[in-house]
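**Q** Using my numbering, the letters of the sequence shown map in sequence onto residues 92 to 510. Idealized CB from N, CA, C, for every residue including glycine.
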Amino acid sequence: MQAQIKSFIVIILIGFVSVGFARGAAKPPGKDSAIKLDQATVPSFPYASQITDNDVPVRSGPGTNYYICGKLKKSDKAKVVGSQFSWSRIVPPPGSFSWISMRYVSIDPDNPTTGIVTSDGIRVYAGSDYKEPIHSETLQLKLNRGDEVKFIGKQKGDYYKITPPAGAYLWVSTKYIKPLAVPVKKTTPTVIAPPTVDKKTVTKTITKPDPNTITKTVPKTITKIDTKLLIPAKITGESENLKAYYTLEKLIRAERAKPANQQNYTNIKNALTVITGNKDAGKAARYSKYALRQLKGFELALVISKEVQLQNEELQKTQKGIDQAHTTRAAQIKALALGRFAVIGKFETSSIFSSESGKRYRIVDNKKKTVCYASPTGAIAKRDLSKLAGSKVGLIGKIVASPQTSGALVRFTEIVELN
92 MQAQIKSFIV IILIGFVSVG FARGAAKPPG KDSAIKLDQA TVPSFPYASQ ITDNDVPVRS
152 GPGTNYYICG KLKKSDKAKV VGSQFSWSRI VPPPGSFSWI SMRYVSIDPD NPTTGIVTSD
212 GIRVYAGSDY KEPIHSETLQ LKLNRGDEVK FIGKQKGDYY KITPPAGAYL WVSTKYIKPL
272 AVPVKKTTPT VIAPPTVDKK TVTKTITKPD PNTITKTVPK TITKIDTKLL IPAKITGESE
332 NLKAYYTLEK LIRAERAKPA NQQNYTNIKN ALTVITGNKD AGKAARYSKY ALRQLKGFEL
392 ALVISKEVQL QNEELQKTQK GIDQAHTTRA AQIKALALGR FAVIGKFETS SIFSSESGKR
452 YRIVDNKKKT VCYASPTGAI AKRDLSKLAG SKVGLIGKIV ASPQTSGALV RFTEIVELN
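(1) Do you know whose CA, among L509, P184 and Q246, lies nearest N373's CA?
(2) In the structure shown, what three-state DSSP assignment does N202 receive?
(3) At the level of alpha carbons, what is the spacing between R214 and L406?
(4) Residues in its own chain within less than 7 Å of V484 by CB, not counting five upstream and five downstream?
(5) Could you say which of S187, R474 and F136 lies nearest to L163 if we only look at CA atoms?
(6) Any contact between the region 346-355 and the region 368-383? By contact I mean 3 or more CB pairs, one from each, below 8 Å.
(7) Could you give the DSSP three-state label for Q141: helix, strand or coil?
(8) Excluding the 5 residues flanking D456 on each side, which residues of the same chain have their C-beta closer than 7 Å to its C-beta?
(9) Please classify S466 as buried or exposed, where buried requires at least 16 neighbouring CB atoms within 10 angstroms.
(10) Spell out the partners DSSP gives L486 in its beta bridges.
(11) For F511, which residues in the same chain have their Cβ closer than 6 Å to its Cβ, ignoring the five residues on either side in sequence?
(12) Quick check on DSSP: helix, strand or coil for D289?
(13) Rounding to the nearest angstrom, what Cα-Cα distance links T468 and Q410 in this structure?
(14) Run through the DSSP bridge pairs and tell me what L261 is partnered with.
(15) Report the residue from R453, Y216, T364 and V365 whose alpha carbon sits nearest the alpha carbon of Y464.
(16) Which value, in whole angstroms, describes the spacing of the CA atoms of T364 and K380?
(17) I need the DSSP call for Y250, collapsed to helix, strand or coil.
(18) Considering just the uninterrupted stretch of the beta strand (DSSP E) at K349, what are its terminal residues?
(19) Who pairs with I213 in a beta bridge, going by DSSP?
(20) For a test of your reading of the model: does the CB of V172 fall under 6 Å from any non-hydrogen atom of the ligand ATP? Yes or no.
(21) Rounding to the nearest angstrom, what Cα-Cα distance links S396 and N355 in this structure?
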């Protein structure tokens, strides 16, 4: 009986020891060790990764509240460039696209698959087959004037479907991402062989170039763009009409850059009129109609500018004619005056002579220098001429020698005040 009790106790003790050992073996690692493991396994950005499941959503932003832009399947590759919480930012995989407003993109006439941004700060949105462009509100980046975009597929609404530009990204949940090991490149040491020297004397023959045979670089001849050839008489489809419109828009800008006297919008207006009258043109017809109104304003400004220029030229001619007429008339008056008057000048009184010789006056020039003396003769000698002092006058009379001044003396019978 005691032997059975001892055996039972031994069995119970063995059971307790087994349970304790099992609990100790099943104890999970602490939190600190888990963090160290994660940090050790995540490589630095950017890195290549592989998708670990099928139908993994690619979203426009880091969260399930952002719309789906596409899906990836197991073993697909993705380039991870950053992360936010439990989401990885990736380069848009093949098949991804973006949206950009048509209003700010002009089609390159030399390459219809390429668009050129016409303004600064133009928004690019993440594209999705599950959302209309107008509702695709996740902003990827902004482009500036002169940036190029690549068209893919057809436009939708007022938006162009484009290849995601550099700097546009999408998001995938990090739990479906597995970093790929970067293959280590084996570097083979390069052995540089010493150069071999030929001991034989090498004679080099240098031929002097013949100046008559030198090929001259002929500059490219830039041919003038003919809008009649560029825009056919009939274009079908809204897309083709839009391409034609944006080509004309580019030509309008080029024409506006020219001097006013070289601007000519005739062919451009004709081409825009063709698009406006096309029932299949859609938006292109509206844009062309607006452009025609703009051109009307441009041409009106040119006409006004030309008229003002002509008026200025006529005014200059008239003024020149007036000046010439004035000069001619002044010369004629001077000639007539000199023929009639004995002397012309400013009339001043003089008191340096005695009263016996009669009343004397002086004629001075513009610098107040005395030209000659004057003495009234006849009836005019009785008049009070002091009121004319300081006035420009012409004296009619006879010029005689004056012994007292050793100069000229004008004995005048008439005095005329000259304006």
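**A** Quick answer:
(1) Checking the sequence shown, residue 373 turns out to be Gly, not Asn. The option with the nearest alpha carbon to G373 is Q246.
(2) strand
(3) 53 Å
(4) F438, I506, V507, E508 and L509
(5) S187
(6) no
(7) If DSSP states are grouped into helix, strand and coil, Q141 belongs with the strands.
(8) G436 and V462
(9) buried
(10) Under DSSP, L486 forms a beta bridge with V434 and I506.
(11) There is simply no residue 511 to check, as the chain begins at 92 and stops at 510 in what is shown.
(12) For D289, the pLDDT reaches just 48, beneath the cut-off of 50, and the residue's location in the model is therefore unreliable, although a value from the coordinates is still provided. Here DSSP, grouped into helix, strand and coil, assigns D289 to coil.
(13) 45 Å
(14) I181
(15) R453
(16) 8 Å
(17) If DSSP states are grouped into helix, strand and coil, Y250 belongs with the strands.
(18) From DSSP, K349 is part of no beta strand (DSSP E); its letter is neither H nor E.
(19) L234
(20) What this structure holds is no ligand at all, so the ligand ATP is not there to describe.
(21) 14 Å
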